[in-house]
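Engineer:
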Amino acid sequence: MKVYVGDPAAARAYVEADRGRADDYYLTEGTGFARRFTATDGRVTELVSLTGDGYETWVAGRDPDTDQPRGQLRDDARAVRFVEVVVNGPKTWSLAAALHPDIAAAYEAAQDRAAGQIVGWLSQHATTRVGPRGGQVQVPLQALEAATVRHYTSRAEDPHWHLHLQLLSRVFAAGKWRGLHTVGIRDSLGAINGIGHAAMACDPELNAAFAAHGYTKDATGEILELADYVGPFSARHAQIARNVDRYEAEWTAAHPGEQPGPALRRAWDARAWADGRPDKVTPQPGANVEERWRRGLHDLGCRDPEGPVDLAPTPIGALDRDCAAEVVLTRLAAARSAWNAADVRGEVERLIAAAGVVVAAAVRVELAEDVTARAMDRCVSLLDRDGIPEHIRAWTSQPVLEVEADLTARLAARAATGRSDPELTSPLDLAAGGARLDPGQAAVVAVLAGDRPLAVVEGAAGAGKTTTLAAVRDVLGQQGRQLVVVTPTLKAAKVAAAEVGSAAGSAAWLAYQHGWRWNDDGAWTRLAPGQTDPVTGRVYAGPAEQARLRPGDLLVIDEAGMLDQDTARALLTVADESRARVVLLGDRHQLAAVGRGGVLDLAADAADPAGHLTLEAVHRFTRTGTTGAPVPDIEYADLTLAMRTGTDPAVVFDALLARGQILLHPDAAALREAIAAAAAEHHRRGEPVAVVVDTREQAAELNAAIRERRVADGRVDDQRIAVTGAGQRIGAGDRIATRRNDHDLGVANRDTWTVTAVDRSGALYVTPARPGTGDVPDGVTPAPQGARVLPSDYVTSNVELAYASTAHGVQGETVAAAHLVIGEHTGAGSAYVGMTRGREADTAHLIAADADEAREQWVAVFGRDRADLGPAHAAEEAAAEAARYAPSRPLEEVLTELRAGWTAEQRCLDRLALWEPERDTLRNVIALEAPHVGELANLEAARDQTALAAARASRRAGESGAAVAAHAEQVRDTLLARWDGERDAARRAARVVLNGSGRFGLRRGAVARACEQLTGWADRWRPHLPSLPTDPEDLSPVAGWFDDRPTLWRSLDASARRTAEQSHPEHAQLCAAADAARHAHEQARHAVAEAGRRRDERLDSFGPVAWTTDPAGRLTDLQRDIAATRQELTATRARIATLTAEPAILAQPVEQLTRDRKDWRTRRSTGTDHRESRRPRSAAPVPNVPHPKPERLGPSLARGGAAPGIGR
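Numbered by full-length UniProt numbering, the letters in the sequence shown go through residues 1 to 1208 in order.
As structure tokens, then:
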């Protein structure tokens, strides 16, 4: 598993680098750079594939479709981008895929299905964390995204179908995007690997494709018919890859800043195939790579099987599920002290795959889940608390606890019976060669030569533990007692026997001799004499003579820090039965056991203080003095003691850097070449050198690089070679290691040898790389010493190059110089071992841009310590890990908070239900009214302006009318006065006329004069009184009668008015202007009314919200309130998700939470606490949103009347 940290663009380059160049131009014809998936609660859905640029966006934590960030992103160099696992099968599957297109298609489909099952499982079990440190809660995921990138070749250009499965670090949980809990993914790796392996191994389609071509598999999944070709094929391609790397390095040095193109790479590829192999046909550039692979395999003798074979899988019903659960726990217990459910699931999946089951995925998953549940039911919790996060390894088994309890009891019993130590002269001169012991060594000899049943001796690297044991052997010999040394490995036993000169063997050998047996699953049993040995089939008669311990003998368990608890229990049982004394010798700061360890810690805790000693004077390291002779390097010895305890690692780094013992390299290739050059130079000078790395893969790369230089120097024959199953080429002159104890061959695991010859069958003739001195008991390291012949089948399976090794391969060795590769997996123990192997020089190599980055890496190394020290220590570790998370709370307390969360959520939803429609309405209103902005206001302004103008014109006309009226009144009054003055005369004349001339005409003259007088009067007043008759006969009655004063007044007034108006001609103009102004005002009023009517038509459908006084202002307020409410809702839902993930809730049935929420809804709907949020929305005006006022639209649009009026 890899946790990718860094730049998204570099992630793309990282993925592209993990395959051969053939992928560039032969096999990658897809349209997308990567396939993308999302998973929720086990359901996996494929999304649109990612392009190269889209992949970078996705890795950066942004949505590849919208480029929107997924939550709060880190943009520094330490930002975690994704977690990656690689989905692939055994190498023979890739060879089969290269040979047969249908197998290739089935294999790719099986890989896809396996990746889908992994992603689905993780979507149900991966988490994120919410809350402050010390109170964090694991929250399940709502959505997990993943991408897959398929490659078909390895960097060595040979077939290697593999799928990069990348889990995005941004996950959706508790209502928002958050960071994936990568520690949980790391601690689920057992399940991830197990599911991926079983999904392919049990896949019906893939297995049918294998069987159709006659292929069969062994228990590990390897195809038997192709297994013999993996090594030779890989060896040739590895050589080709190294050739191409060399060409590229030379070209890059000659063309700085440039990048080679595809054509140049093809040319290098063709040249690499021919380089050093002129007898072979060189593939033409552009030749089909699959054809090249087929040709290469054919050249190695690979032929297709004769025909198809029957597929005969193990029936699923044949698997005893309870028995399988027991086997799973036994295997787990053999490997570790504590585990989690993911470890159990992974082991179950591996067991199913090894059983040969071939079934559909759903059937296999049901089986795996059932066996996992049965195994978990048998587990014992290490913590007495509920709600432990799933990833924490807090489970163990009863046998594991019993073994540690027995160990602790036996150690305590020995410590309780301590005895005094003998008086010995100090310093003693007891070591071979007359070497004097320092005070610390002498004190150890005194204790070990006494009668203490239990002693513990710890010593720093180079403190002289071997010298001290040799002195103890001499003292015990003088006392007539025996010193027996056992070590965790047979190789270390041989070294101890040679250097101490006493009986020595492996711890496993001694336990085996005393009847202990263990199977491949790790289950231990013990034979009693007379029982049949299941290993040999013979009757077990008890231990051999050389394995017997006598009372008083001293059993020294060397490298006790690497001893596992099952073996330690067997050794202590043997010692107790023999009444032998026990000394545990080792260093807790060096490498721990592979599996359940902590034996040295248990012994140190149990031992009497006087029986627990430490050797701290370091004698190993030397430097060249001023005279050219070697002198003790005290400064470096002190630095190694600081490394041992992890004291001030930054200060130690600076001191080493100043001494030239820290070397920085720009990349892995540069580091590899530098170490290869240095190691080759040591070999040229005949100096033993140790190259220490983290993994066997790193060791393989460095072994190949160092070997290549030795071949170039002519020190290794590369013509007649043997090829291992891993593809390593081995010839005369190579340094190799045997990796399996073989009594008949006389070899031990991790023994190193020099190859002297290779025969035609591939067998190796070897001699010890460092001849031993001293006698080794028979049965431990068999005679004869010296040369060995390793058969080809042993070479294929159990031999590897030994120019570089992991720390476990070099602990206990001392060489002239050592080179340590510091990587992301290097731990404190490995670093300390690697930096203390060289007597004269110890150098650490790091890939870093500068000293600051390298110092950071160095400090991190000495903070890593994942040693398994037994179940008690595992319980402490689990408790410390669990303490980072919130403890389980009472159910009712969580439910109370949950109900409050539901209430707060509903309040937010109610507000949003009220505000969001109003917001949407206002948006529509504002958009609809945008073209009419200011229209009504302008019309209203025009109306008001015309009203003012009409008022002004009316005022001026009124003023003029008043002047006219005054003038008319004056004229009228004058006319009335004249009328009244002339009225009596006219009345008299009228009477004369009316009386007539008499009977005799005597008054004819008077009548004529009266008529004349009356006609004159009438003519004068007729302009004023048009109704006066013109005929005298008609005039006389009128003139003679009484006046109709009202009519007279009106007539004279009208006449006076006309006279006045004629005297004031401007008055008519003013009146006309006033009429025009009033008409204009009336038109403006009607325009306002029409605009209002049209707005009513536009907005009436929107309801009361449309009449908001300030729509834009109200919309701004609403948007602010809605955003705040949505933020509150998100936080509330995150809190609800956090609460529902609490252990108290998760422990309840799913339907229980559903019922609780239903009850909450019922109580809420019938209660009175939340009436405001429950109030239904009505057609009444929205609060704080007023209706338009009548005066805003003008008098003609006043609401309330049946019809508009016409003015007032």
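Using N, Cα and C, we set each Cβ at its ideal position, and we do this for glycine too.
Could you work out which residue in Glu-935, Val-171, Ala-211 and Ala-507 is closest to Leu-490 when comparing CA atoms only?
Structural biologist: Per the Cα distances, Ala-507.
Engineer: The alpha helix (DSSP H) that contains Asp-377, what's its start and end?
Structural biologist: Run containing Asp-377: 361-377, per the alpha helix (DSSP H) assignment.
Engineer: Going by Cα to Cα distance, which pick from Leu-527, Arg-548 and Val-309 is closest to Arg-538?
Structural biologist: Closest option to Arg-538, Cα to Cα, is Leu-527.
Engineer: If I measure Cβ to Cβ from Val-821 and keep anything under 6 Å in the same chain, skipping five residues before and after, which residues do I get?
Structural biologist: Closer than 6 Å at the Cβ level, and outside the excluded window around Val-821, lie Val-693 and His-845.
Engineer: Where does Pro-917 sit, in a helix, a strand or coil, going by DSSP?
Structural biologist: Note: Pro-917 maps to helix in three-state DSSP.
Engineer: Between Asn-193 and the rest of its own chain, which residues show a CB-CB distance below 7 Å, the 5 nearest in sequence each way excluded?
Structural biologist: Closer than 7 Å at Cβ, skipping near neighbours: Gly-346.
Engineer: Please classify Asp-564: is it buried, with 16 or more other beta-carbons within 10 angstroms of its beta-carbon, or exposed?
Structural biologist: Flag for Asp-564 reads buried.
Engineer: Nearest CA to the CA of Leu-448: which residue from Leu-613, Ser-381 and Ala-712?
Structural biologist: It is Leu-613 whose Cα lies nearest to the Cα of Leu-448.
Engineer: Taking a contact to mean a Cβ-Cβ separation below 8 Å, would you say Ala-732 touches Ala-757 in this structure?
Structural biologist: For Ala-732 and Ala-757, yes; Cβs fall inside 8 Å.
Engineer: Taking its Cβ as the centre, do 16 or more other Cβ atoms sit within 10 Å of Gly-1201, making it buried, or is it exposed?
Structural biologist: Bear in mind that a pLDDT of 37 at Gly-1201, under 50, signals an unreliable position, so the model cannot answer this.
Engineer: Checking 8 Å against the spacing of the C-beta atoms, do Val-1088 and Leu-939 come in under that value?
Structural biologist: Yes, the pair counts as a contact, with Cβ atoms nearer than the cut-off.
Engineer: Determine the direct distance from the alpha carbon of Arg-393 to that of Gly-440, and round the result to whole angstroms.
Structural biologist: So the alpha carbons of these two residues sit roughly 40 Å apart.
Engineer: In terms of residues, what are the limits of the alpha helix (DSSP H) holding Leu-180?
Structural biologist: It is not in any alpha helix (DSSP H) - Leu-180 carries neither H nor E in the DSSP assignment.
Engineer: Would you kindly work out how many angstroms separate the C-alpha atoms of Ala-455 and Leu-407, rounded to a whole number?
Structural biologist: Rounded to whole angstroms, Ala-455 to Leu-407 spans 15 Å at the Cα level.
Engineer: Quick one: is Arg-70 buried, meaning 16 or more other Cβ sit within 10 Å of its Cβ, or exposed?
Structural biologist: Buried.
Engineer: Can you give me the C-alpha to C-alpha distance between Gln-1083 and Cys-1071, rounded to a whole angstrom?
Structural biologist: Gln-1083 and Cys-1071: Cα-Cα distance of roughly 19 Å.
Engineer: Can you tell me the Cα-Cα spacing of Ala-324 and His-589, whole angstroms?
Structural biologist: Ala-324 and His-589: Cα-Cα distance of roughly 37 Å.
Engineer: Since Ala-807 and Val-861 are thought to touch, with beta carbons under 8 Å apart, how far apart are those beta carbons, to the nearest angstrom?
Structural biologist: The Cβ separation is near 12 Å, so there is no contact.
Engineer: For the pair the stretch 75-90 and the stretch 164-182, tell me if three or more CB-CB distances fall below 8 Å.
Structural biologist: Enough Cβ pairs lie closer than 8 Å, so yes.
Engineer: Is Arg-410 buried or exposed, if buried means 16 or more other CB atoms sit within 10 Å of its CB?
Structural biologist: Answer is buried; the Cβ neighbour count reaches 16.
Engineer: Less than 8 Å between the CB atoms is what I'm expecting for Ser-123 and Leu-99, so what's the real figure, rounded?
Structural biologist: The Cβ separation is near 36 Å, so there is no contact.
Engineer: Considering only the alpha carbon of each residue, which of Ala-1141, Ala-966 and Ser-792 lies closest to Arg-760?
Structural biologist: Considering only alpha carbons, the answer is Ser-792.
Engineer: From the DSSP output, which residues share a beta bridge with Phe-37?
Structural biologist: Beta-bridge pairing links Phe-37 to Glu-46 and Ala-146.
Engineer: Do the CB positions of Ala-511 and Ala-570 come within less than 8 Å of each other?
Structural biologist: Yes, Cβ-Cβ distance for Ala-511 and Ala-570 is below 8 Å.
Engineer: Looking at Leu-702: is its Cβ nearer than 8 Å to the Cβ of Ala-676?
Structural biologist: Against a cut-off of 8 Å, the Cβ pair of Ala-676 and Leu-702 comes out as a contact.
Engineer: Counting along the chain, where does the beta strand (DSSP E) carrying Arg-729 start and finish?
Structural biologist: Start and end: 729-731.
Engineer: With H, G and I counted as helix, E and B as strand and the rest as coil, what does DSSP make of Arg-129?
Structural biologist: Strand, per DSSP.
Engineer: Shortest alpha-carbon distance to Thr-487 belongs to which of Gly-477, Trp-509, Thr-796 and Gly-179?
Structural biologist: Taking only the C-alpha atoms, the option nearest Thr-487 is Trp-509.
Engineer: Tell whether a beta-carbon distance below 8 Å holds between Gly-501 and Ala-470.
Structural biologist: Cβ distance < 8 Å, so Gly-501 and Ala-470 count as in contact.
Engineer: Pick from Ala-580, Asp-850, Val-556 and Asp-533: whose alpha carbon is nearest that of Arg-550?
Structural biologist: The option with the nearest alpha carbon to Arg-550 is Ala-580.
Engineer: Using alpha carbons as the reference points, say which of Pro-1032, Val-789 and Ala-804 lies closest to Gln-698.
Structural biologist: Answer by Cα proximity: Ala-804.
Engineer: Can you list, in chain order, the residues of its chain with a C-beta nearer than 6 Å to that of Arg-991? Leave out the 5 residues immediately preceding and following it.
Structural biologist: Closer than 6 Å at Cβ, skipping near neighbours: Gly-1040.
Engineer: Where DSSP assigns a beta bridge to Thr-622, which residues make up the other side?
Structural biologist: Pro-632.
Engineer: With Gln-1013 as the anchor, note down where its alpha helix (DSSP H) starts and where it stops.
Structural biologist: Note, Gln-1013: alpha helix (DSSP H), 1004-1021.
Engineer: So Gly-746 packs on Val-795, CB below 8 Å; how close in whole Å?
Structural biologist: Not really, about 15 Å apart at Cβ, beyond 8 Å.
Engineer: Below 8 Å, how does it come out for the stretch 1149-1168 and the stretch 892-903: are there three or more Cβ pairs, yes or no?
Structural biologist: Yes, the stretch 1149-1168 touches the stretch 892-903.
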